[in-house]
Amino acid sequence: MKITAIRAYPVWVDHRNQLVVKVETSDGLYGWGESGLSGREKAVVGAIEHYEQFLVGRDPRQIGALWQEMYRSQYFEGGRVLQAAVSAIDIALHDIKGKALGVPVYELLGGKQRDRIPTFASTSSADAGTAIEQAKELVGRGWNCVRLFPDFSDDAVFEPRESIAATADMCTKVREALGPGVVLGIDWHHRLSVAEAASFCNKLSAGTLDFLEEPIRDEVPEAYEALRRMTDIPFAIGEEFSSKWQFVPYIERSIHQFNRIDVCNVGGLTEAMKVAGWSEAHYVDLMPHNPLGPICTAATIHLSAAVANFSWLETRVGVSDDGYMSKADTSLFPLHPQLDGASYPVGDLPGLGIEVDEERISKSSFEFWEAPHLKRRDGSVTNW
């Protein structure tokens, strides 16, 4: 069996682009993967075209060796663009090998350790009253882990200090309404500084939050260590990490408690399993990042099934401001994972257990999209 082609399809689905990648083989088998570098899909397509030049003609079953070759056989190794390309190809190679052997991908990762994958869902409103209603709706539908968001409705201006007090008040009221039994967290989308994040935490009473997601940027582990000394709320970080090496200081210095690992960014399932084992050795649980499409979900379900140190998988299901349950558009994927209540059943189909309507995807369009370029009121640039 040899790789004959690698096809990248950057297409607009729902409210964002998805970069879906197909690896074809001489035996007629094919695998699907997905890249996670949202907003820079064209750059990843270019990297995939470079990799295709030496991957065509190679045995797709030699996943580990091909991963090493894609990473190491260049002077400028790694980085988010290249690793997003490696991730998509690696996931597709696992899909192919699972199909070739007639087994689900999790069997390639050591076999499943659980039959169902618990998930967390999210509210969408920063208004305390509405957030309480949305959180209760999710709990009533079976979720015991709920994520909140600050007010991110303004796509032009974000003032952290203006948001901190209101968000702390919202979190406090949601906790009071839900009681102590529900796991509750909030995603700050790295919009705060260390001082701002500490101020936010200090406004919360003990037990309000069970995890604090991405409060600050992650380039400097020492900044997170400084914040760690100022609060006892567990940190959930790592969705932007693009290799096991980026996880090193966070895992080995006990900075965080939940790894928001993203299989479509970190280097695929090959790299994710290495991070998972390293995390297990330091009692860090996986809380995988899963904001993309059904291929990312399927790959992450297999990862989540095969590891011991797992907490919850992010799912793109939540309650919208109009009160209705919202979920990702899966119309381009005739076979895809489906929630059963608040968890994903672990299936037994060969490979990833997913199919793509390639005819429709090949005719779908790509749309250039930019994340909001936020500024403070003084005109200076701040984080999105």
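In this note's numbering, the protein residues as written are 220 to 603.
Beta carbons: idealized from backbone N, C-alpha and C, even for Gly.
Exclusion of the five residues before and after Ala590 leaves Gly258, Trp603 as the residues of its chain whose Cβ lies within less than 6 Å of its Cβ. Under DSSP, Pro337 takes part in a beta bridge, and its partners are Ser562. Across the structure, Ile470 and Ala500 are spaced so that their CA atoms are roughly 9 Å apart. In this structure, Ile336 keeps its C-beta atom at 8 Å or more from the C-beta atom of Arg277.
For the region 390-415, the full-length beta strand (DSSP E) segments reaching 3 residues or more read 402-406 along the chain. When the Cα atoms are used, Val232 and Gly496 turn out to be separated by approximately 34 Å.
Boundaries of the alpha helix (DSSP H) harbouring Arg299: 299-320, taken from the DSSP string. Straight-line spacing of the CA atoms in Ala304 and Leu411 works out to 30 Å.
At a Cβ-Cβ threshold of 8 Å, Leu522 and Val482 count as neighbours.
Contact check for Asp370 against Ala385 passes: the beta carbons are separated by less than 8 Å.
Thr534 carries a strand assignment under DSSP once its states are collapsed to helix, strand and coil.
Take His475, set aside five residues on each side of it, and the residues of its chain with a beta-carbon closer than 6 Å to its own are Phe454, Ile456, Tyr469, in chain order. Under DSSP, Lys594 shares a beta bridge with Val376, Val600. Going by DSSP, Gly265 is part of no beta strand (DSSP E) but of the alpha helix (DSSP H) stretching over 260-274. Arg535 and Ala517 have their C-alpha atoms some 13 Å from each other. Nearest to Phe466 by alpha-carbon distance, out of Gly404, Asp437, Ala442, is Asp437. Beta-bridge analysis with DSSP links Asn509 to no other residue. For Glu490, the CB contacts under 7 Å within the same chain, skipping 5 residues up- and downstream, are Ser462, Lys463 in chain order.
Boundaries of the alpha helix (DSSP H) harbouring Leu285: 282-291, taken from the DSSP string. Arg366 sits close to Ser341, with the two beta carbons spaced by under 8 Å. In this structure, the beta-carbon distance from Pro440 to His409 does not fall below 8 Å. According to DSSP, residue pairing for Thr244 in a beta bridge involves Ile222. If you draw a 10 Å sphere on the C-beta of Asn509, you find 16 or more other C-beta atoms in it, and that means buried.
Taking C-beta separations shorter than 7 Å and ignoring five residues to either side along the sequence, the partners of Gly329 in its chain run Ala525, following chain order.
When rounded, the separation of the alpha-carbon atoms in Glu296 and Tyr290 is 6 Å. DSSP places Asp388 within a helical segment (H, G or I) once states are collapsed to three. Excluding five sequence positions before and after Arg333, the CB atoms of its chain that fall closer than 8 Å to its own CB belong to Ser523, Ala524, Phe529, Val565, given in chain order. Looking at the backbone, the Cα of Phe585 and that of Lys422 are separated by about 43 Å.
In the displayed model, Tyr249 falls within a strand according to three-state DSSP.
In this structure, the alpha-carbon of Val242 lies about 18 Å from that of Val322. An exposed status is given to Val600, since fewer than 16 other beta-carbon atoms sit within 10 Å of its beta-carbon.
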